[in-house]
Amino acid sequence: MLLLLKKEWRQRKGNTSISKLEPIHWFAVLYVVLFLVCAPWAAEWTQLWVWNNSQPYPWSVLSAHFAHWSWPHFWTNLCAFITFLAIYGRYLSARSFVTYCLAIIISCDVYLHFAYERAFYLGFSSILYGLFSIAALIHFKTTKVISLAVIGFLIFKSLSQWLMPIDNNLYGIAVASDVHIVGMLTGVGLFIVITVKQARI
1 MLLLLKKEWR QRKGNTSISK LEPIHWFAVL YVVLFLVCAP WAAEWTQLWV
51 WNNSQPYPWS VLSAHFAHWS WPHFWTNLCA FITFLAIYGR YLSARSFVTY
101 CLAIIISCDV YLHFAYERAF YLGFSSILYG LFSIAALIHF KTTKVISLAV
151 IGFLIFKSLS QWLMPIDNNL YGIAVASDVH IVGMLTGVGL FIVITVKQAR
201 I
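Here you go:
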């Protein structure tokens, strides 16, 4: 996997101009800023940003996806986001990236509002599941080996979390596997919509 990422990075340096990557880089910086703003600096601070099922703050429809319960939770998702950009950043326009993220966030928020059964939710993982799934499917031909690994990992991770939930893990919080699956299915749905739309052109 490391060798494949190294190869991708070399291809990016050789074939992609810096100006072409700038827009998505700016959005990546914005996301990192949101990560830091909503980081788990203190328990009281974290509570400001989470989705609370009984009385959610209006801004939590967005902030909950960037808030994290603990520093291991924070660093895992931040590293996964950087990995996503390293693999698929060169293929995404800023417009596509923002559109995908908004669709995934809206889809997850609808689920949180109408079907989520736990007391609260926070974390970037659901967005990551959605982003990785749609990027792996759309750019499968150009990143076949990596995308196969990504798809396999997403399926394995989703099924293992769903069938064997772990309450006490490294993050100190139960994994919201149902919201992860919603994010992943949203990514698959976006891929189907885009594929059908392109077929009609």
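According to UniProt numbering, the sequence shown is numbered sequentially starting from 1. Cβ atoms here follow ideal geometry from the backbone N, Cα and C, with glycine treated the same way.
query                                                                               : result
Rounded distance between the beta-carbons of Tyr121 and Gly183, thought under 8 Å   : Not a contact, Cβ separation roughly 12 Å.
Contact set for Leu21: own chain, Cβ-Cβ below 6 Å, skip 5 residues either direction : The predicted position of Leu21 is uncertain, since its pLDDT is 48 and thus under 50; a value taken from the coordinates is nonetheless stated next. The answer is none, since no qualifying residue turns up.
N-terminal and C-terminal residue of the alpha helix (DSSP H) that Pro56 is part of : Here Pro56 belongs to no alpha helix (DSSP H), and DSSP marks it neither H nor E.
Presumed contact (8 Å Cβ cut-off) between Tyr100 and Leu131, rounded CB distance    : 6 Å
Pairwise C-alpha distance: His68 and Thr46                                          : 7 Å
Phe84 burial status per 10 Å Cβ neighbour count (16 or more: buried)                : buried
Endpoints, alpha helix (DSSP H) assigned at Pro40                                   : First-last for Pro40: undefined, no H or E at that position.
Inter-residue Cα distance where the pair is Ala103 and Ala42                        : 30 Å
8 Å Cβ cutoff, Trp26 in contact with chain B                                        : Note that chain B does not occur in the displayed structure, where there is just one protein chain.
Extent of the continuous alpha helix (DSSP H) run through Ser126                    : 125-138
Bridge partner(s) assigned by DSSP for Phe120                                       : Asn52
Beta-carbon spacing of Val37, Cys108 below 8 Å                                      : no
With 16 other Cβ atoms within 10 Å as the buried cut-off, status of Ala199          : exposed
Gly152 to Val33 span [Cα, whole Å]                                                  : 30 Å
Test item: CB-CB of Ala136 and Ile24 under 8 Å                                      : no
Endpoints, alpha helix (DSSP H) assigned at Trp71                                   : 71-88
Beta-carbon gap between Trp51 and Leu112 smaller than 8 Å                           : yes
Option in His73, Asn53, Ala149, Val193 with minimal Cα separation from Val110       : Asn53
Alpha-carbon to alpha-carbon, Ser96 and Phe191                                      : 12 Å
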